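Report on the structure given below.
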Amino acid sequence: MSQLPDSTSDLSRRSLLRGTAAAGLLATPAVALLSACAGSSSGDDKADTGAKTDDNPLGVADSGKVDVVVFNGGLGDAYAKYDVTVFNKKHAGVTVNLSSTQKIKTEQQPKFSTTPADLINNAGADIMALDTLVNEGALTELTPLLDAPSWDDPSKKVRDTLLPGTVNDGTFDGKVFVLNYAYTVFGIWYNQALFDKNGWTAPTTFDEFFALAPKIKQAGIAPFAFAGKYPYYMRWAIMSWIWMSGGKQAVVDIDNLKPGCWKTPEVMAALQATEKLVKDGYTLTGSATLSHTESQQAWLDGKAALLPCGTWLENEMRQTIPSGFQMKLSNFWSVSANDKAKGAVYAGSGENWIVPKKAANAAAGMEFLRAMLSVEGAGKFAELTSSLSSRAGSGDKVTNSTALVSAGEVMKKASGDLISFKHPDWYADIDKAEQNAIGELMAGRMTAAKFADTLQTATDKVAKDSSIKKFTRDA
Numbered sequence: 106m107s108q109l110p111d112s113t114s115d116l117s118r119r120s121l122l123r124g125t126a127a128a129g130l131l132a133t134p135a136v137a138l139l140s141a142c143a144g145s146s147s148g149d150d151k152a153d154t155g156a157k158t159d160d161n162p163l164g165v166a167d168s169g170k171v172d173v174v175v176f177n178g179g180l181g182d183a184y185a186k187y188d189v190t191v192f193n194k195k196h197a198g199v200t201v202n203l204s205s206t207q208k209i210k211t212e213q214q215p216k217f218s219t220t221p222a223d224l225i226n227n228a229g230a231d232i233m234a235l236d237t238l239v240n241e242g243a244l245t246e247l248t249p250l251l252d253a254p255s256w257d258d259p260s261k262k263v264r265d266t267l268l269p270g271t272v273n274d275g276t277f278d279g280k281v282f283v284l285n286y287a288y289t290v291f292g293i294w295y296n297q298a299l300f301d302k303n304g305w306t307a308p309t310t311f312d313e314f315f316a317l318a319p320k321i322k323q324a325g326i327a328p329f330a331f332a333g334k335y336p337y338y339m340r341w342a343i344m345s346w347i348w349m350s351g352g353k354q355a356v357v358d359i360d361n362l363k364p365g366c367w368k369t370p371e372v373m374a375a376l377q378a379t380e381k382l383v384k385d386g387y388t389l390t391g392s393a394t395l396s397h398t399e400s401q402q403a404w405l406d407g408k409a410a411l412l413p414c415g416t417w418l419e420n421e422m423r424q425t426i427p428s429g430f431q432m433k434l435s436n437f438w439s440v441s442a443n444d445k446a447k448g449a450v451y452a453g454s455g456e457n458w459i460v461p462k463k464a465a466n467a468a469a470g471m472e473f474l475r476a477m478l479s480v481e482g483a484g485k486f487a488e489l490t491s492s493l494s495s496r497a498g499s500g501d502k503v504t505n506s507t508a509l510v511s512a513g514e515v516m517k518k519a520s521g522d523l524i525s526f527k528h529p530d531w532y533a534d535i536d537k538a539e540q541n542a543i544g545e546l547m548a549g550r551m552t553a554a555k556f557a558d559t560l561q562t563a564t565d566k567v568a569k570d571s572s573i574k575k576f577t578r579d580a
């Protein structure tokens, strides 16, 4: 997979790492950290359990302790500290030992064979490889948590309170070992204050964009900025446009290396619309060489009107957002009236939380997660981080973030399957060719037709190479 720049947000990094790990492709060093998992008895001193009741469905003892480790990165640890108070409202006799760190693998991985924490926020650059943990049998299966009554409504299971894709994102070979707590929505950002001042309406289709773009240019503002230095930022937009134009099958065919997958009329429509955006002179001068933060800052400074990115944007740029700036997210634009997947949204869960198999108090670890997924806990997360939780409705009561409110609106209007694509994680050669081609396309040095030829050649080459392990998807 492509490597994110060191300074990019933790949300984006973790979202991509999650996708790779779910495919079983994260490269991990040959460390013998889990070799003693099955044989060691050091972690077998389990905590006492309590009686299972409607209000205590996981059977947490009314005394003892639970050790929780949170990654203190882009989202901070204030939300987890607040969750301690939520947890103790039902379990006042249980001591929560909450610690935070940025060295998750360094500090936690060696403990898996002996005395791991009961609940770990496995995230950040120093992340433990999920495929290794799952394959070594080092994680507790989380179905009891998902099937437990939700914190606030006993008539509704925890799983039924989660946003689409969350359970699937944490599932390996039919079993759920991971609960992804943050939820990222991708789309096109704009400043509502700027648009109101000029009487503009945020476009929802390419046709609307092409009608508005000349007016934006006339105001001395570039219509569109992007992070050209890191082409995968534009890949999120391009693959979303391909999905919208051709439906899920268009992207499934690309992932499955189907002959001719890059040259269908629907794929070409998305690529040609992207080419026109560049050829008509609607991108910010110099965007082809800008980093993510440079393009984002140019947008914040009013040099560009529209910017593709994910919902970590506000948190990442919080220190430089101008006063009065009303950050809003809209879905990626519809390509044409012939789109097969109108209303599809590119979104998914990240920020994974795990309960080690050898956790002394696994029940309390899962119970802390249940508290985090309460209306109060998830709502506080949204308030503190300006990010959605994977619990549905987490941002509903947050009114001080136009970014978060608009992201919630995008999700409420979503229809059909969530957009997803696998080929960059599955095939490094295609990933490299695709990023190079996106860079050329967005710099105006490559046509849509040449882009399709380049990617089809790279795809066909991988498909014919028997030395490369192949993966397939049907959903």
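In the numbering used here, the protein residues as written are 106 to 580.
A virtual CB, placed ideally from N, CA and C, is assigned to each residue, including glycine.
All of these numbers come straight from a predicted model, not from anything done at the bench.
Element boundaries [alpha helix (DSSP H), containing residue i]
| i | result |
| --- | --- |
| Ile343 | 337-351 |
| Met477 | 467-477 |
| Asn273 | 271-274 |
| Asn161 | That residue, Asn161, is in no alpha helix (DSSP H); it is neither H nor E in DSSP. |
| Ile543 | 533-547 |
| Ala483 | 480-490 |
| Ile209 | 209-213 |
| Pro323 | One point to set straight first is that residue 323 is Gln, not Pro, in the sequence displayed. From DSSP, the alpha helix (DSSP H) with Gln323 extends over 311-323. |
| Gln424 | Note, Gln424: premise wrong, no alpha helix (DSSP H); not H, not E. |
| Lys555 | 553-569 |
| Trp404 | 397-405 |
Residue interval of the beta strand (DSSP E) (run including residue i)
| i | result |
| --- | --- |
| Trp458 | 452-459 |
| Asn285 | 284-296 |
| Val201 | 200-206 |
| Ala410 | 409-415 |
| Pro328 | 327-329 |
| Ser623 | This structure gives no information on residue 623, because the portion of the chain shown stretches from 106 to 580. |
| Leu224 | 224-227 |
As assigned by DSSP and simplified to three states, the class of residue i
| i | result |
| --- | --- |
| Met516 | helix |
| Phe576 | coil |
| Asp172 | strand |
| Leu244 | strand |
| Thr379 | helix |
| Leu180 | coil |
| Phe192 | helix |
| Arg496 | strand |
| Phe300 | helix |
| Ser525 | coil |
| Pro370 | helix |
| Leu268 | coil |
| Ser511 | helix |
| Thr306 | coil |
| Pro364 | coil |
Local Cβ density within 10 Å of residue i, reported as buried at 16 or more and exposed below that
| i | result |
| --- | --- |
| Pro259 | exposed |
| Ser520 | exposed |
| Gly448 | exposed |
| Arg496 | buried |
| Gln401 | buried |
| Asp188 | buried |
| Ser168 | exposed |
| Ser491 | buried |
| Asp172 | buried |
| Pro328 | buried |
| Pro364 | exposed |
| Asn226 | buried |
| Gly178 | buried |
| Ser428 | exposed |
Cβ shell of residue i (< 7 Å), same chain only, five flanking positions each side left out
| i | result |
| --- | --- |
| Phe282 | Val239, Leu244, Glu246, Leu247, Gly275, Ile459 |
| Ala141 | Unreliable placement is indicated for Ala141, whose pLDDT of 36 sits below 50; the coordinate value is still reported in the next sentence. Once the five neighbours on either side are set aside, the close Cβ partners of Ala141 are Ser218. |
Close-in-space but distant-in-sequence residues of the same chain around residue i (CB under 6 Å, 5 per side omitted)
| i | result |
| --- | --- |
| Arg119 | Reliability fails at Arg119, whose pLDDT of 35 lies under 50, so the model's placement of it is uncertain and the value that follows must be treated cautiously. Within the same chain, Arg119 has close Cβ partners Ala228, Gly455, Glu456. |
| Ser204 | Val174 |
| Ile326 | Ala410 |
Beta-carbon contacts of residue i that lie in its chain and below 8 Å, excluding the five residues immediately before and after
| i | result |
| --- | --- |
| Val290 | Gly415, Thr416, Leu434, Val450, Tyr451, Ala452, Leu493, Ala512, Val515, Met516 |
| Leu138 | At Leu138, the pLDDT of 40 sits below 50, so the modelled position is not reliable; the number obtained from the coordinates is stated separately. Excluding positions up to five away in sequence, the list reads Gln214, Pro215, Phe217, Ser218. |
| Thr211 | Asp231 |
| Asp57 | A question about residue 57 goes unanswered here, because the residues of the chain that appear run from 106 up to 580. |
Check: residue i C-beta below 8 Å from any heavy atom of the ligand ADP
| i | result |
| --- | --- |
| Gly275 | In the structure shown, the ligand ADP is absent, as is every other ligand, since no ligand is present at all. |
Exercise. Does the region 358-373 come close enough to the region 329-340 that 3 or more CB-CB pairs lie under 8 Å?
Worked result: no
For this session: Kindly confirm or deny that the region 254-272 and the region 210-219 touch, where touching means at least three C-beta pairs closer than 8 Å.
Result: No: fewer than three Cβ pairs fall under 8 Å.
Exercise. On the three-pair Cβ rule with 8 Å, is the region 495-513 touching the region 521-539?
Worked result: No: fewer than three Cβ pairs fall under 8 Å.
Exercise. Contact between the region 412-419 and the region 335-351: three or more CB pairs below 8 Å?
Worked result: Verdict: yes, contact present.
Exercise. With a cut-off of 8 Å, do at least 3 Cβ pairs link the region 158-175 to the region 469-482?
Worked result: yes
For this session: Report yes or no: do the region 393-411 and the region 288-299 share at least 3 C-beta pairs separated by less than 8 Å?
Result: For the pair of segments examined, the region 393-411 was found to touch the region 288-299: the number of CB pairs separated by less than 8 Å reaches three.
Problem set entry | Contact the region 365-385 vs the region 429-437: 3+ CB pairs below 8 Å | no
Problem set entry | At least 3 beta-carbon pairs within less than 8 Å: the region 299-306 vs the region 378-394 | no
Exercise. Does the count of Cβ pairs from the region 310-327 and the region 421-431 closer than 8 Å reach three?
Worked result: They do not touch, by the three-pair rule.
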